[in-house]
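*Asks:* Questions regarding the structure given below will be posed in turn.
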Amino acid sequence: MLLSGLPNFIESTMTLRLIFCLLLCATQSQGFADAVDAASATVKIAIAQEPPQLNSMKATDQVSIFVLGHVMEGLTRYDRRGNLAPGVAERWELEDQSATFWLRKDAKWSNGDPVTAHDFVFAWRNVVNPSTASEYAFILYPVKNAEAINQGELPISNLGITAIDDHTLSVVLERPTGYFINLTAFITTFPIQEKFYQSRRDSYAADAKDMIYNGAFTLTDWVHSASLNMRKNPMYWNADAIKLNAIDADYITADTRARLNLFIDGKIAYTQLDGETYKDALNNQFRIKKFVTGSVYFLEYNYRPNRLTRNQNLRKAIQAAFDPEEFVNKVLQTPGNLPGRSLFPTWVKGVNATFRQEFPATVNKPDLVRARALLEQAKAELNVENIPPLIMLVSDSPTSTKQAEYMQGMLKTRLGLDIKIDVQTFKQRLAKMTSGDFDIVGAGWGPDFDDIMTFGDLFASWNLNNRGRYNNPKYDRLVRVAMNSSDPTTRMTAMAGLQTILYDEAVLLPMYEQGVIYLQHPKLKGMRRTVLGSDPDFTYARIAP
Amino acid sequence: MSLERPLTEPDFSPAPGSAAAEQLTRPSLSFWQDAWRRLKSNTRAIISLYLIIGLAFFTLAGPLLWTQDPAAQDLDQISQAPALPKTARLVADYQPFTAPIVADHPSEPEDYPDELAAVAELSVLGAATTQSVKLIWAPVDQAGGYSIYRSERKPEGLLGLGLPLETVNAGNIVGFEDRLNLKSQPYYYSIVPTDGFDEFDVVTTIKVEPEQSITISQAVLQGLATPDDLPGQVIPLAFHPFGTDYLGRDILARLMQGARVSLFIGVVAPLIYVLFGVFYGGFAGYLGGKIDQILMRFADFVVALPFLLFMILFKIAFGIGPGESGVMPMLVALILLLWPATARLVRGQVLKIREQGYIEAARLLGGGSSYLILRHIIPNTMGVILVTLTFAVPSAIFTEAFLSFIGMGVAPPTPSWGSMCNEGVKTMLSHPHELFFPALFISITVLAFNLLGDGLTEALDSKMRTRDQ
Amino acid sequence: MLRYTLGRLLSGVITVWFIATATFLAMHAVPGDPLMNEKATTPEIRQNLSKKYGLDRPLPEQYVIFLSNMAQGDFGLSFTQQNRRVNDIIRDHFPVSAALGVLAIAFAAAGGILWGALTALYRNRLPDVIIMFLVILGISVPSFVFAALGQLALVNLNQWSGTSILPVAGWGTLSHMLVPSLVLGLGTMALLTRLMRSSMLEVVNEDYIKTAKAKGLSAPRIFFKHQLRNAILPVITVLGPQIAAITTGGFVVELVFAIPGLGRYFVQAVQQLDYTVIMGTTVFYGAFLVLMVIIVDIIYGFIDPRVRLK
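Protein chains in written order, with the working numbering: chain F, -13 to 531; chain W, 708 to 1176; chain U, 29 to 338.
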């Protein structure tokens, strides 16, 4: 019966195609019309996942930071060039032991109430309160007693922050902190109105109606795992400068290819590409843009007792054999990634220019002869014929496994070193990192604030994120020098000292500084990519007609 | 019809008896013997037999004939499509390139220019090889920098410029080196002048085709050259008939190595758990009542358990060391968690069959439960059993890929067909061969068992047997 | 029948209880916990959090608390999305997955029965070979390939026609559901085709079919009234649990087509070791599955009167 109907079937599809073509002539070509609309100043985007936490005191992930950076504002913010600018605070004064902020009178919450200094006091106290268990509480440690309160040693009323009046905020510092103002742009320091918070308690930030907003936009609709809508906030003190009326995150998916398909289909105005999808984008003749995200990725070694990786010559052998340029060019394959040379990425500011310009990192030329000699020395010191296999702990994402396989192959071919790759799901990997059940682990670190300290104290012996438990009193001393001084030259020189130690002792193996490539709708202007804060930033975006 | 002749008395004498009338002219065949005989002459079964022999040969004898190391990373031939053997020119090891700076040209414009001229004299410095392509150009008046793009097809206008390789931030830097994943194919480099902040709408493009090259140290490491060889020679590169994957590993060698794991898991695991499921379902369906209930509820219990969680648990329980391949524990885990589907299907069939007349008859003749189940009921559920077996094969292969992906199963760099498919999917559109070959081999395996199943069905089914005679 | 159903429901409850217990134990046996995160926290903060969520109590006590909460239908708050109740998560996202799943099953059943019957009727002729080739392809190629290809086809379709015929991703209207549910149902469709084929082949040679033909019944009548009903039993057997699996397990399809379903919660909960969501989704899935199996068993009796469930 099917076979006999075949000619009819073909005929009917021909008719269908004819109808389609007629429709095609009759209707306007839609093309990109959906993604941006100049008349209503709307832009449509996709986000990678459902924001897990819109409580600014507790949020840690990229997507939540993205949303919060648009709907709320702290004492300071970033302007369209990426420099620190006044936010809720009109002006401020920073001294060695204190900081004072004068808040603007026209800063309002979306419910009409003014933003007051009390809102900051309430929020900061909650952040350091141990029962809040905020992962970013350490950001406020420069404030007096913050660390002690967070450890549970003092009550929260001892925090060095007071509201002198509704529009004046006074902060007492634990120690001279030259970069303190930079911290006030970070979401953890955003204000929270106590009255509203207490009215919502456990369900604060659970839905769009469970928050009030003081940023350039407000969150108007939130359908979990489906969509998120932001609208221009009429109460915002700088509403005149905001050109966009709406940001609609109509799609939530982590699949980069799906987002590329949405972009090609004209449904979203921006999407990030990765190593596989950029080739599909090339075929479509889109203008691809590039951006360095500011994060560094490296291999961490385990310094616990009885670990082979404690041996310095072994680490230096690996350092001498590894070619970050080959890694970036052949394995990562996307432009924008920079070969890893140091823990401190290229964008970090130094005294007058960037830190890496003033204190260049040693460019490591891969040298197999030297590497093999170092390996022989390591074998002699460890008293073994052959180094037993080292365990490299990676997460179960395809990119980490690919990078680990490259390292495994490279070290085997060049040094004869055996690596076993231990793939673990997220929590199991964290458990192993905490308990020290690895030799080498792939790690990365993104900046939290605009100062070198955000990378500087990573390998200090007291830092819990120092999973390998690296312990060097000289290193610790230099970190403390940089923490306790406010003179830029002193601090940068100390950091340069750290950079030298990190290289000479091969404390870590920097692999690359992350760069990304992305697509942007040609009519979308003013979208700002940034290393810090919510990235990308649509606050100053506009739609060209 | 009419009689040929009239009947006479001798016509009515009794016919002579003959011992030959009651002889067996053919040996008596039992059910299984008959089935075997029919299987041997069945076309589908024969095709499947050839396929299975082919796969076995590929797995066992293949690595002896094709001796490339499946883990060797040939970084000069990444993601290469299947091709004939290539050659490369030996070049000296890489030396860092410093971009030339024009001395008397300012690095920034004095004022914001409204227009900038297109870049002139864009050309390649030295030879363009897959190790590096060096571009130089003449400085543009009032420029504050230059952006360099690369595309694999000719850019139309200003949009399709391709990948943004680099933005040089000074007007007097007039050179750039590209080392990003170069292949020996035509590239179109485009350069756009900037004022230090924004790009201007004028573009200059040149076409460059880098020559396939390999550094001396890389060639020595791979055993393709000796340290005495001089740059400039042309040497043959390792041959990859099926192409290479994203790390330059030979796909044919990986398929052979992956065959061991995939075929072992993909054949042994289904055989075992389907067998178990058949007996479990058979007994449950026949015995019925409370026993059936308990057995089936246990099957439901196993299905409802969260798969990923229990796999992680098994991995720890079996004490697989980090980075080691846990094929046996994975086999056990697959068997423990995948049998219920077959059991349920077989039970359903048994519920229908046990009410048939011949079952009652056999029971009356004195058959016990086990005899009835094994000799009468299960052979009649063959159709369903063979279908589940066919589906179990790819299911086991892909579950194994998933398990290896989360760390339970084969550890990198050991490949398996399923994990090669996982990796190949990402570059499906740009490098389809990475997905095509493992999927092809999985398809062949599935086809082989499917045909075998069909052949077995035709051989064993008593109804079709009588029909074919 | 009523007594049978009640008995089954009771044993279903017991089964779900077993499922919950096994999962609870497995969850706690695996290293890691919901409180661990990329940014390390001080031991004091971890201690506080443990106390707040009751994770520092002895395991049997946690189990009893969980059981009593479950009996009241309360699965608690998610650990990863700290302001959402697990019940709300299931209530918000299950209908999406269910709608997608039902449409997928409809495609799969319609297609599977149709193609399966065709291959049996045209055995060893061209339709049989083509369909079986497609079935082999369908099960040899992983499902995420079909999802990616399906979406690509939509993109190309829209570009070719110049307008947006079908949405490439997202959720909200029927046109959002068509391609994703087709992709989701493909695997089941292949399985059902195969089952239907082998089942039909057995039935087609039965005596009662010959009788029906001899009686002079028309081919469609024989097909629908006799062949289909007798051959469909294995299909029904598979459909029940497949409905449960598809409506809760469409992880890949939901990811590629940006559909806010329950599938991703199943996977992410285990990855994040989000205890409450794991328990909630597992118990929910277990209950759903058990219910489907009960329905299937009851339907057996209606389809094939020879089947008697003791």
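All C-beta atoms in this analysis are idealised placements derived from N, C-alpha and C, irrespective of residue type, glycine included.
Comparing C-alpha positions only, which one of W/THR922, W/LEU823, W/PRO717 sits nearest to W/GLN784?
*Replies:* Along the second sequence, one-based indexing puts residue 784 of chain W at 77. Here the closest residue by C-alpha is W/THR922.
*Asks:* If you reduce the DSSP assignment to three classes, tell me which class F/GLN16 lands in.
*Replies:* Residue mapping note: residue 16 of chain F aligns to position 30 of the first sequence, counting from 1. In this prediction, F/GLN16 scores a pLDDT of 38, lower than 50, which makes its location untrustworthy; the coordinate-derived value is nonetheless stated afterwards. Coil, per DSSP.
*Asks:* What separation, rounded to the nearest whole angstrom, lies between the Cα atoms of F/LEU294 and F/LYS365?
*Replies:* On the first sequence, residue 294 of chain F is found 308 positions in, with the first residue counted as 1. On the first sequence, residue 365 of chain F is found 379 positions in, with the first residue counted as 1. Distance between the alpha carbons of F/LEU294 and F/LYS365 is about 10 angstroms.
*Asks:* How long is the line joining the alpha carbons of W/ALA1180 and U/PHE161, rounded to whole angstroms?
*Replies:* Not covered by the structure: residue 1180 of chain W. The range shown for chain W is 708 to 1176.
*Asks:* Measure the alpha-carbon distance for W/SER897 versus F/GLN506 and round it to whole angstroms.
*Replies:* Here residue 897 of chain W is taken as the residue at index 190 of the second sequence, counted from 1. Here residue 506 of chain F is taken as the residue at index 520 of the first sequence, counted from 1. So the alpha carbons of these two residues sit roughly 19 angstroms apart.
*Asks:* For F/PHE52, which residues from the same chain have a beta carbon less than 6 angstroms from its beta carbon, with the 5 sequence-adjacent residues on both sides left out?
*Replies:* As a first step, residue 52 of chain F must be located in the first sequence, where it is residue number 66. Answer for F/PHE52: SER520, listed in chain order.
*Asks:* By Cβ distance below 8 angstroms, which residues in the same chain neighbour W/THR1134 in space, the five residues on each side in sequence not counted?
*Replies:* Taking the first residue of the second sequence as 1, we reach residue 1134 of chain W at position 427. So the list reads SER786, TYR953, GLU1141, LEU1142, once near-sequence residues are dropped.
*Asks:* So which of F/GLN485, F/ALA93, F/ILE407, F/ALA468 has the shortest CA-CA distance to F/GLY326?
*Replies:* Counted from its first residue, the first sequence places residue 326 of chain F at position 340. The candidate whose alpha carbon is nearest that of F/GLY326 is F/GLN485.
*Asks:* According to DSSP, is F/GLN298 helix, strand or coil?
*Replies:* Here residue 298 of chain F corresponds to residue number 312 of the first sequence, with the count starting at 1. Residue state, collapsed to three classes: helix.
*Asks:* Using 8 angstroms as the threshold, is the C-beta distance between U/ASP61 and U/LEU95 below it?
*Replies:* For the purposes of this step, residue 61 of chain U is taken as the residue at position 33 of the third sequence. For the purposes of this step, residue 95 of chain U is taken as the residue at position 67 of the third sequence. When the beta-carbon positions are compared, U/ASP61 and U/LEU95 stay at least 8 angstroms from each other.
*Asks:* List the residues that DSSP assigns as beta-bridge partners of W/ILE843.
*Replies:* Working through the second sequence from its first residue, we reach residue 843 of chain W at position 136. Answer is W/SER830, W/GLY882.
*Asks:* Quick one: what does DSSP say F/ASP207 is sitting in, helix, strand or coil?
*Replies:* The sequence position of residue 207 of chain F within the first sequence is 221, counting from 1. DSSP places F/ASP207 in strand when its eight states are reduced to three.
*Asks:* Considering only residues of the same chain and omitting the five flanking positions on each side of U/GLN299, which have a CB-CB separation below 7 angstroms?
*Replies:* Here residue 299 of chain U is taken as the residue at index 271 of the third sequence, counted from 1. Once the five neighbours on either side are set aside, U/GLN299 has no close Cβ partner at all.
*Asks:* Going residue by residue through the region 229 to 267 of chain F, where are the continuous beta strand (DSSP E) segments of at least 3 residues, counting only ones entirely within it?
*Replies:* 232 to 238, 256 to 259
*Asks:* Could you round the C-beta distance between W/VAL809 and W/TYR853 to whole angstroms and report it? I think they count as a contact, below 8 angstroms.
*Replies:* Position 102 of the second sequence, counting from 1, holds the residue named residue 809 of chain W. Position 146 of the second sequence, counting from 1, holds the residue named residue 853 of chain W. Rounded, the Cβ-Cβ distance is 12 angstroms, inconsistent with contact.
*Asks:* Taking the alpha-carbon of F/PRO331 as reference, which of F/THR204, F/THR320, F/PHE345, F/PRO321 has the nearest alpha-carbon?
*Replies:* Looking up residue 331 of chain F in the first sequence gives position 345. Checking every option, the nearest Cα to that of F/PRO331 belongs to F/PHE345.
*Asks:* Once the 5 residues before and after W/THR911 are set aside, which same chain residues still bring their CB inside 6 angstroms of it?
*Replies:* For the purposes of this step, residue 911 of chain W is identified with residue 204 of the second sequence, where counting begins at 1. Excluding residues within five positions, the ones whose Cβ falls inside 6 angstroms are ALA825, VAL826, LEU829, ILE898.
*Asks:* Which term fits U/GLN100, buried or exposed, when burial requires 16 or more other beta carbons within 10 angstroms of its beta carbon?
*Replies:* Translated into positions along the third sequence, residue 100 of chain U becomes position 72. It counts as exposed.
*Asks:* Rounded to the nearest angstrom, what separates F/LEU329 and U/PRO88 at their Cα positions?
*Replies:* Start at 1 with the first residue of the first sequence, and residue 329 of chain F comes out as number 343. Start at 1 with the first residue of the third sequence, and residue 88 of chain U comes out as number 60. Near 46 angstroms, if we compare the C-alpha coordinates of U/PRO88 and F/LEU329.
*Asks:* For W/ASP718 and W/THR732, what's the separation of their Cα atoms in angstroms?
*Replies:* Counting from 1 along the second sequence, the entry for residue 718 of chain W is found at position 11. Counting from 1 along the second sequence, the entry for residue 732 of chain W is found at position 25. Between the alpha carbons of W/ASP718 and W/THR732 lies a distance of about 29 angstroms.
*Asks:* With respect to the beta strand (DSSP E) encompassing W/LEU762, which residues constitute its N-terminal and C-terminal limits?
*Replies:* Residue numbering aside, residue 762 of chain W sits at position 55 when the second sequence is read from its first letter. No beta strand (DSSP E) contains W/LEU762, which is instead part of the alpha helix (DSSP H) from 750 to 767.
*Asks:* Write down every uninterrupted run of the beta strand (DSSP E) in the region 466 to 522 of chain F whose length is 3 residues or greater and which is fully enclosed by it, in chain order.
*Replies:* 494 to 506
*Asks:* Among F/GLY164, F/THR385, F/PRO384, F/VAL380, which one has its Cα closest to the Cα of F/ILE405?
*Replies:* For the purposes of this step, residue 405 of chain F is taken as residue 419 along the first sequence, with counting starting at 1. Of the candidates F/GLY164, F/THR385, F/PRO384, F/VAL380, F/VAL380 places its Cα closest to the Cα of F/ILE405.
*Asks:* Please state the DSSP three-state secondary structure of U/ILE323.
*Replies:* Indexing the third sequence from 1 puts residue 323 of chain U at position 295. DSSP places U/ILE323 in helix when its eight states are reduced to three.
*Asks:* When DSSP labels each residue in this structure, what does W/MET1178 get in the three-state scheme?
*Replies:* Outside the shown range of chain W, which is 708 to 1176, sits residue 1178 of chain W, and nothing can be said about it.
*Asks:* State yes or no: is the C-beta of W/TYR980 within less than 8 angstroms of the C-beta of W/ILE1080?
*Replies:* As a first step, residue 980 of chain W must be located in the second sequence, where it is residue number 273. As a first step, residue 1080 of chain W must be located in the second sequence, where it is residue number 373. For W/TYR980 and W/ILE1080, no; Cβs fall outside 8 angstroms.
*Asks:* Please name the residue or residues paired with F/ALA537 in a DSSP beta bridge.
*Replies:* Shown here, chain F extends from -13 to 531; a query on residue 537 of chain F therefore has no answer.
*Asks:* With DSSP run on the structure shown, which of helix, strand or coil describes F/TRP431?
*Replies:* Within the first sequence, the letter at position 445 stands for residue 431 of chain F. Three-state result, F/TRP431: strand.
*Asks:* Determine, using beta carbons only, whether W/PHE765 comes closer than 8 angstroms to chain U.
*Replies:* Counted from its first residue, the second sequence places residue 765 of chain W at position 58. Closer than 8 angstroms: no.
*Asks:* Would U/ALA137 and U/LEU219 be called neighbours here (beta carbons separated by less than 8 angstroms)?
*Replies:* Position 109 of the third sequence, counting from 1, holds the residue named residue 137 of chain U. Position 191 of the third sequence, counting from 1, holds the residue named residue 219 of chain U. Taking 8 angstroms as the Cβ cut-off, U/ALA137 and U/LEU219 do not qualify as a contacting pair.
*Asks:* Can you name the residues that DSSP bridges to U/MET217?
*Replies:* Your numbering for residue 217 of chain U matches position 189 in the third sequence. Residue pairing of U/MET217 in beta bridges, as defined by DSSP: absent, with no partner found.
*Asks:* How is W/PRO1036 classed by DSSP in three states: helix, strand or coil?
*Replies:* Mapped onto the second sequence, residue 1036 of chain W falls at position 329. Note: W/PRO1036 maps to helix in three-state DSSP.
*Asks:* With C-beta atoms as the reference, is W/PRO900 less than 8 angstroms away from W/LEU823?
*Replies:* Your numbering for residue 900 of chain W matches position 193 in the second sequence. Your numbering for residue 823 of chain W matches position 116 in the second sequence. In contact: W/PRO900 and W/LEU823 (Cβ atoms closer than 8 angstroms).
*Asks:* Does any residue of chain W have a CB that is nearer than 8 angstroms to the CB of U/MET98?
*Replies:* The residue you call residue 98 of chain U lines up with position 70 of the third sequence. False, the Cβ-Cβ gap to chain W never drops below 8 angstroms.
*Asks:* With a threshold of 8 angstroms between beta-carbons, can U/LYS238 be considered close to chain F, or not?
*Replies:* The count along the third sequence starts at 1 and reaches residue 238 of chain U at position 210. With respect to chain F, the C-beta atom of U/LYS238 has no partner C-beta closer than 8 angstroms.
*Asks:* Can you tell me which of F/ARG187, F/ASP236, F/ILE407, F/GLU367 puts its alpha carbon nearest to the alpha carbon of F/ILE377?
*Replies:* The residue given as residue 377 of chain F occupies position 391 in the first sequence. Considering only alpha carbons, the answer is F/ILE407.
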